[in-house]
Every structure is written in structure tokens, then in C-alpha cells.
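Undergrad: Next up is a structure, given as C-alpha cells.
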Amino acid sequence: MEEIKEVFLKLSKEKGIRYGELRVEESEVTSISFRGKELEELSVSKSRGGNIRILGKYGWGFVSFNDINPKSIREYFEQAYRASNLILGEELDIEYSGPIVDRVVIPMNKDFRDVPLDEKKKLLSEYNNIMLSFSPKIQSTQVRYSDRFSRRYFINTEGVDIVQERGDIAGVLFALAKEGDLVEQYHYSIGGIEGFQIIEGLHDKALRTAEMAVKLLSAPVVKGGEYTVVLDQRLAGVFIHEAFGHLSEADHVYENEKLKELMIIGKRFGPDFLNVVDDPTYPGLRGSYKYDDEGIPSKKTYLIKNGILSGRLHSRETAKKMKEPITGNARAINYRFQPIVRMSNTYIEPRNYSLEELISDIKYGIYAVGAYGGQTSMEMFTFSAQEGYIIEDGKIGDMVRDVVLTGNVFVTLQNIEGIGNDLEFSQGGGCGKGGQFPLPVSTGSPHIRIRNVVIGGR
Amino acid sequence: MEDLIKKLKDESIEGDLFSRRGVSTLVTFEANKLKSIESSESSGIGLRVIIDKRIGYASQYGIYEPEWLLDKAKATATIETKLKLPEALNVKEESYDENLDRVSIEYLTNLGKGIIDKILDSYPEVICNVNISKDKGEALLINTSGVNCIRKRVSLGIGVHVNRIKGTDMLDVYEEITVKRLDNLDTDKLISKIFYALESSKNIVRPSKSQLPVIFTPKATYVLFLPIISALSGKILLMGASPLQDKVGKQFFDKKFTLIDDPTNVEGLAGTSFDDEGMPTKILPLVDSGVVGEFYFDLHTASLLDKEANGHGFRGGLSQPSPGLTNLIISPGDSNVKDIISSFEEVIVVDQMIGVGQGNILGGEFSVNIHLGFLYRKGEVVGRVKDSMVAGNAYKALSNIAALSSEREWIEGSLYTPYICIPELTVVSKE
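Going line by line, the protein sequences match chains A and B.
Residue numbering for the first sequence follows the numbering used here, beginning at 54 and increasing consecutively.
Residue numbering for the second sequence follows the numbering used here, beginning at 6 and increasing consecutively.
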């Protein structure tokens, strides 16, 4: 590594470049999955790759590669340098920071690299068997698990020299129930950076996953229409990520004058009691990190404070262009990609209400629980629940399925009527943007209540 | 690679090696301006072994350590299988469009600039983001039973995103084209589709009722195909979870609906004469005039089901083979889309959606936001439909098709489909 760094820094100096960076990433992944009774996958993989990014006068030159040695680095540098000089147009500048030398190791309680393959397999097979034997209506199952240990080296021409190591686990329990031609599914996803113990003791989750898949078989499809809805923590977390999080990523806004006007700091987006935060410094979550992929220290950012737009997420380039404080949110999923502005741990701050209080005066509405996922076009967004319940006269009643909700950023946040006191984070899944998927993030929220939400249905 | 195969043979271990190498160039325009030029070189290798009828697998990107690969593949050999590796197939697919391969970075940047200039000439108020990439890939497969195949591919893809904001109303139009021959690159057609969308979105309108006919444009049709493609995968059959498993040979879909997987199609990007396990590929009738046809398999999945493999074992990156498809082709109908639209008093044409695939795909249920959709009355476009959801069941929808258009379009270079009109779906709009 030292030799490679030297070559990079020497060439940068020779060419007199304004700003350049070199990233090298090493990782090792173990994947295990069951499908039905069969062990479907047990495999290991190892990877090493890197990239060089150089800022030209008007744009970026970027080269990613697998072949890493002093000679190849020289060639890739030249390639990135040439590319950066081919761009003409409007002058481009970025935010600079000072030198940092650091090594960050996120400790794992129980290091998954010390857990034998057989032990991992045995544990997952226990979960699988619980689901398979739950009911004859359980047609099949999937258990998927992967752990990834990665080491990322980052150096740049400002004297930043950082190594960050972390372990990341992602897993999902999935049950499929069938009755006649009707097929229903339910899943529980989990992820984390604190070690193998997070995947242990999920037997009750496996049981519930199977139980819910079977229950969905007898739930009717929700009737489409506009409803007052109460979202549980998981779905509300996805909601805030999709409904607002993406729009606060400055790279969507910084070159779009009209969108800048719509997203002006100080504009009201929600009720007084709404606070939305992105915080990579929150300890122990999948979206947590000390430095982003441009070598900028991470920090907590209020996106909405007391209902008012109060900040947004930035890279070096967007912060400079918008003359706003840099936040350390430039992230790349791996060495093949340039860092772009991404969320980390995004959540709604808790308030006073209990779930009972949020529901008590709803005449007719929907309680939507769990999340399949969500998507946004910035203005409009969708998010889908794993299970839904009719709320009638303040009571949670019968189950319904296929609850997909949609909203409009300029309307739906204003329609939030109440925020609960029970903040929880979920860490399964991942976020996709610009072809980079799944980036580890977490979303969090207490229960929340929103009026006039459109739910699709037949 | 040959060395490792020899070592396997010396130890009497069956196995295959699959390697990928790729070189790509990407130019990115952001807000009408060229923002970055990227290039990427990648290489990786995956080793699968079969020891005592058990599969083991290890892979490496950017490193090649034969000892590590073999050790790890042996250590993971736990998955029981009856699969037999194919024998003695020797295919070299090495021809590709050299004109396309030769295009320079300047050619790509000029292409992007040309598209943006044309759009801004007519619509100076919009913002264009454009990505243009040239990708060259090589896949090599060798096994211990004499398979030695190589496949080279070159393609060029253009993605255009146009954004227009009026007040708090945002319009986003996406179009893409991906070709493997430079001669087939028709950017004027792509631009004319964008113009049509911009022109038709001037007014925001609401349908007069919630049950009405819906036409899916070629790029929106995948919301209907997704459940069928999943349900016909050998993996889903293995789970006993396919709603189509007891429908094979039966009339389940509309007679007008024919869907094949065609690895021999010369225009499709995914064409190949062998799959990623060394089996010869063949055309698969997935749905033939509404009759459910064949499932598709990789070798291991087929062996678990005692089915004959049908040359559809493909690998995503360096993952292990799993059932995969090549070029999906849907048969056209008789009338052109204009006539289909005109045949209804009121009809919605859905072009872009948000939230596809987030729900019970296998069950066929869909409920998606109409991100870009147009309302037509008596054959004339009256405006854009937004803040609305369209919902239905894909199996039911495809068993009662009002019409398929005579014109077809390629989507992402590997789906060739007409417009599809469903006589009635439920659309819920915000009050």
C-alpha cells in the first residue's frame, strides 16, 4: 500500500492537480442460504480493487480497477488525469478540508470471522426448520445470510490518509404460504455492524414470519382510497427516507434552480412537532461511519427542525456550489463507483404520543405495519407495508393485505397529525441510487399518524 | 486457468471455472453539462467444485490465488446435488460490432451534447441528465469435462432523464436505448418520445371514473411480466410456490399473449448459443397463445427436480449459476397503438411507475404510483395523470387483454414488446 500511495502522491504533485484521491478496498464475503429444505448456497469470495478520482478544471476524471501495483497505478493515474482534462464548460470547485491521519476499526462483539461455517449454517437451519414446520400451509422458505468484512484505504492530495475497517451482516428470513392458487409471503430482515450476535436468538422472529405468511392467506386485499393511516416504526422509517430523505440530498438540487427555490432553507414542510435527522455519528448502526468516501468527518444534520427545512446532505462539490456547510455524506457502495450524496441513519425524532393515543380518535383508517420497500421520484413516492389492519372507532381490527401507500412531498408531510414516543431503528435492506445498491443505511421513527394518504387497491 | 483445471483433474475433482473481464467507459452529463468521464477495468474468477456429489464455491475479484480458490471451494462443498457437468462443448462467440468497439470518448461526449442541444432547442426550460456508456465484456468458461467456451459482447447504452418544474409540479421523463450495433442507434426516436411526453404533460387531469382501460407502454409492461418471469423460474418451482406449476399445457392467459425467451435473436443484447454452465441454449416458449409453456432451469435446480436442463443457467457477476433468461420477446397484435387508444371513450396510457416489485410479486398483485401517465379521451390526449395509483393482478390482467399493438420496442436491449391494453383496472387518485 505504501508504495502505491507514494506513486499516487508523486504523480499528483508532478501534474500539479488541484484535488485527487485514491481509494483501495479489500473485502471478504461469506454467503449462506437455504431455500425450502435445501441448502442453496454456501460460498466465499474475496475482492481487491481501487479507484483514482481527479478534479480537472471543469469536471471529474475517474478510473476504477482491480489490478493494483505501482506500474498499473501510474497508468490509471494518467488515464484519470487525461479524462479530467477532456471536460470543458463551467468551472467546477469543491470544498477543501485539512489533513487527517486516522485508522478506524469498528469492533465486533462476536467477530463473525471467528465463527465456523458449520455453526453459521446450523443456526440458519434452525430458523429455517421453525418456519418449515409451522404449518402445512407453509409451502416454502428462504433464509439468506451474508457477512462482509471490508478494509477501505483512502488518501487524497490534502494529506488525508485514512483506513476504515468494518464488518457488516445482512440477513433475511422469508416464508411463503400457499392455499389453492393463492400465494402469500412474509419476511423479516436484519442487518448490523456489531457482530454475529445480532443474528443469534431470532427463533421467535422465524416463528412470527411463518405465522404472518399464513395469516395473510385469509386477509382480503385492501380497498383503494384515501385514508388516515398510522405507520409503525419500520414503515414510518421507510416513509421518511423516501418522502423526504432523498430530496434533501443536495446533488438532486444544486444544479436545478427551480428545485432550489422549492427547497429553500427556512421553508415549511411539516407541522411544528416534526424533526427529521440524518446522523452517521449515531453509534452502532449500519449507516454509521466516521469519515465519508471523500475523507470528510461525518456529523449529525437536522433536515427538518420544528417543521422547517433546516439543512441538507452534501458532498465536497455540492456544499461548495450551494455555499452550505459540508456534512460528510458522500458515499460509494464500493470502489467501482464515484461517491455520491447519500443518507446514513435517517430518522424522525420521537414526541409524546403512545400508539393507543394516536389511534384512539380515528373513525376509519389503516394501521400499516412493516416495510417491503419504497421508491421516490422526489415529488411523489410510494412505500409498501407487509401487513395492514383496519382501524375502526379507535380500535385495531381485521387484517388486510397489499397495502401500498403513495404521497406527494409538498402535501403529505404537512398532513402528519401525530408522532409517537417509541423511536426504533431498522437496519435490514439497503438504499439504491444511481445504480449503487444496496448501500447500508438505517431508518428510524416512532409510530406516526398521517391523514389523507392514497392507498392503491382494487 | 488451465493450470487450475489440470489440478482439479489430477485430484479427480469435477468442477468448472468461470471468469469475467470487462472494460467500460461512462460519460455523465449533469444539468445539461458534461460532468465526469469514467473508465473501469474489472476481472474476476469463480470456481465451482463437485466433491462426493456436493457443490462448493469460491470466487475472487481483482486477485487470482488458485490455492485459496481451491481450498475454499473444497471447504464449502456441502450442497447435495445430482448435477452432471456438460461435456465437450467448444464455442467461441468472439464477433461483435467493431465500429461500436472503436468509438472514442469524444464520440460519446458529442453524442450526449447533440441530444441535449436538440432537447434544449425546443424546450429551453428543462434540465437534462444524460449517461452514455460503452461496455465490453468477456466471459470464459472451462470445465473438467472438456467444455471450453468464450463469449465477447460490446454494447452502447444511452439514458436520458429530463426534468421540468412548474410551481410545485415536477415532471421527470426517462428514456433509454441500448444497442449492440452502432447502426441501430436511433437517438432521434428517443428524443421524439421525450418531446411527446413533455408536450402531453402540459395539463394535469383526472380520469372521470376509477375503473377504466389502461394501456402500458413497452417500458411499463414489465410490471405485468415480472410475476410470470418469477413464477416460471425453476427455483420457484423447486419451492412448490409457483402459481403456474399446475397450469403447464393449459390455457391460462389470453390467446393473444405469446412470450418466448429467445437466445438466438440477433438484435437482443443477451443472445448466446451457450449458457454460463456450458449447455447449448434454445428458444423457450414461456407462454404460447395463452398456454403456459416451460419453466427455465440451471443444471443444479433441474437435477433436484429430475427435470431436463434447458440451457438457462446464468450467473450474475460471479455468483453461482441460477435460472436466468436472455431476450424476452412478446408477439405483437394487429392494430397500431393510435387505433387502440381511439377505440376507447377514455383510456390511461401508463409510461413510468414508482414502486414496481415492492409487494407480493409471485401472487401477481401490483399497486403502483403512475409516475408518468396520460389521459386520452376519444383518441386525443387531454393531459397528464398524477398523484394516482393503478392496481390489479398481473395474471388476471394478462388473461383478459383488450389489445396488443402492432408496433414493438426494445427495452434495455433485451425485452422486445408491444403496448399492452388491459380493458379495466382500478385507478385511485388524490381528491
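C-beta: ideal position from N, C-alpha, C; glycine also.
Model, not experiment: these values are computed from the prediction.
Taking a contact to mean a Cβ-Cβ separation below 8 angstroms, would you say residue 472 of chain A touches residue 292 of chain A in this structure?
TA: No, the pair does not count as a contact, with Cβ atoms beyond the cut-off.
Undergrad: Provide the residue(s) that pair with residue 298 of chain B in DSSP beta bridges, ordered along the chain.
TA: Bridge partners of residue 298 of chain B: none, in fact.
Undergrad: Starting from residue 355 of chain B, follow the beta strand (DSSP E) in both directions and report where the run begins and ends.
TA: Per DSSP, residue 355 of chain B belongs to the beta strand (DSSP E) from 351-359.
Undergrad: Does residue 68 of chain B have its Cβ less than 8 angstroms from a Cβ in chain A?
TA: Interface residue, yes.
Undergrad: Taking the alpha helix (DSSP H) that residue 76 of chain B falls in, what are its first and last residues?
TA: Taken as a continuous stretch (DSSP letters only), the alpha helix (DSSP H) holding residue 76 of chain B covers 71-80.
Undergrad: Mind checking residue 422 of chain A: buried by the 16 CB within 10 Å criterion, or exposed?
TA: Residue 422 of chain A should be labelled buried.
Undergrad: When DSSP labels each residue in this structure, what does residue 262 of chain A get in the three-state scheme?
TA: Three-state result, residue 262 of chain A: helix.
Undergrad: Using 8 angstroms as the threshold, is the C-beta distance between residue 64 of chain A and residue 127 of chain A below it?
TA: Cβ atoms of residue 64 of chain A and residue 127 of chain A: closer than 8 angstroms.
Undergrad: Can you tell which of B/71, B/88, B/22 and B/31 has the C-alpha that lies nearest to the C-alpha of residue 302 of chain B?
TA: Comparing Cα positions, the closest option is B/88.
Undergrad: Take residue 483 of chain A and list the residues in its own chain whose beta-carbon comes closer than 7 angstroms to its own, dropping the five residues that flank it on each side.
TA: Counting only Cβ-Cβ distances below 7 angstroms, and skipping sequence neighbours, we find 490, 491, 492, 493 and 494.
Undergrad: Helix, strand or coil: how does DSSP classify residue 101 of chain B here?
TA: In the structure shown, residue 101 of chain B sits in coil (DSSP, three-state: anything other than H, G, I, E or B).
Undergrad: Using a Cβ-Cβ cut-off of less than 7 angstroms, list which residues of the segment 297-319 of chain A approach chain B; keep chain order.
TA: Cβ contacts with chain B: 308, 309, 311, 312 and 315.
Undergrad: In whole angstroms, what separates the C-alpha of residue 121 of chain B from that of residue 363 of chain B?
TA: In a straight line, the C-alpha of residue 121 of chain B is about 33 angstroms away from that of residue 363 of chain B.
Undergrad: Once the 5 residues before and after residue 429 of chain B are set aside, which same chain residues still bring their CB inside 7 angstroms of it?
TA: Answer for residue 429 of chain B: 216, 217 and 218, listed in chain order.
Undergrad: Report the CB separation of residue 81 of chain B from residue 61 of chain B in whole angstroms; it is logged as a contact under 8 angstroms.
TA: That pair is a contact at about 4 angstroms.
Undergrad: Roughly how many angstroms lie between the CA atoms of residue 152 of chain A and residue 348 of chain A, to the nearest whole one?
TA: When rounded, the distance between both Cα atoms is 9 angstroms.
Undergrad: What do you reckon, are the CB atoms on residue 311 of chain A and residue 209 of chain B nearer than 8 angstroms?
TA: No. Outside cutoff.
Undergrad: Could you say which of A/219, A/190, A/192 and A/212 lies nearest to residue 204 of chain A if we only look at CA atoms?
TA: Nearest option by C-alpha distance: A/219.
Undergrad: Take every Cβ of the segment 385-400 of chain A, pair it with every Cβ of the segment 112-120 of chain A, and state whether three or more of those distances are shorter than 8 angstroms.
TA: Output reads yes: the segment 112-120 of chain A touches the segment 385-400 of chain A.
Undergrad: Give the C-beta separation of residue 200 of chain A and residue 227 of chain A to the nearest angstrom, bearing in mind that I take them to be a contact with Cβ-Cβ under 8 angstroms.
TA: Not confirmed; about 18 angstroms, so no contact.
Undergrad: Give the single residue among B/59, B/228, B/11 and B/151 whose Cα lies nearest to the Cα of residue 357 of chain B.
TA: Nearest option by C-alpha distance: B/228.
Undergrad: Please report the distance separating the alpha-carbon of residue 383 of chain B from that of residue 249 of chain B.
TA: For residue 383 of chain B and residue 249 of chain B, the distance between alpha carbons rounds to 38 angstroms.
Undergrad: From residue 409 of chain A to residue 499 of chain A, what does the alpha carbon distance come to, in whole angstroms?
TA: C-alpha separation (whole angstroms): 13 angstroms.
Undergrad: Taking only runs that begin and end inside the segment 359-412 of chain B, name each unbroken beta strand (DSSP E) of 3 or more residues, in chain order.
TA: If we require 3 residues or more, the beta strand (DSSP E) runs fully inside the segment 359-412 of chain B come out as 370-382, 385-389 and 393-398.
Undergrad: Does DSSP classify residue 317 of chain B as helix, strand or coil?
TA: Three-state result, residue 317 of chain B: coil.
Undergrad: So is residue 118 of chain A in contact with chain B if we call contact Cβ pairs under 8 angstroms?
TA: Closer than 8 angstroms: yes.
Undergrad: Taking any Cβ of chain B, which residues in the segment 418-434 of chain A have a Cβ under 8 angstroms from it, in chain order?
TA: Here the close residues are 425, 426, 427, 428, 429, 430, 431, 432, 433 and 434.
Undergrad: Should residue 410 of chain B and residue 341 of chain B be called a contact, given that it needs their Cβ atoms to be closer than 8 angstroms?
TA: For residue 410 of chain B and residue 341 of chain B, yes; Cβs fall inside 8 angstroms.
Undergrad: If we call anything under 8 angstroms between Cβ atoms a contact, is residue 416 of chain B one with residue 223 of chain B?
TA: In this structure, residue 223 of chain B lies closer than 8 angstroms to residue 416 of chain B by Cβ.
Undergrad: Please tell me whether residue 331 of chain A and residue 399 of chain A are closer than 8 angstroms, where the distance is taken between their beta carbons.
TA: Yes, these two residues count as a Cβ contact at 8 angstroms.
Undergrad: Is there a Cβ of chain A sitting closer than 8 angstroms to that of residue 77 of chain B, yes or no?
TA: Yes, its Cβ sits closer than 8 angstroms to a Cβ of chain A.
Undergrad: Out of B/316, B/436 and B/261, which one is the CA nearest neighbour of residue 329 of chain B?
TA: Of B/316, B/436 and B/261, the residue nearest in Cα terms is B/316.
Undergrad: Applying the 10 Å Cβ sphere with the 16-neighbour rule, what's the burial state of residue 310 of chain B?
TA: Looking at its Cβ environment, which holds fewer than 16 other Cβ atoms inside 10 Å, residue 310 of chain B is exposed.
Undergrad: Since residue 204 of chain A is in the alpha helix (DSSP H), which residue starts that stretch and which ends it?
TA: Element bounds for residue 204 of chain A: not the alpha helix (DSSP H) but the beta strand (DSSP E), 191-209.
Undergrad: For a test of the three-state rule: what should DSSP assign to residue 126 of chain B, helix, strand or coil?
TA: Of the three classes helix, strand and coil, the one that applies to residue 126 of chain B here is helix, per DSSP.
Undergrad: Quick one: complete alpha helix (DSSP H) runs, 4+ long, within the segment 345-398 of chain A?
TA: Complete alpha helix (DSSP H) runs here, min 4: 369-375.
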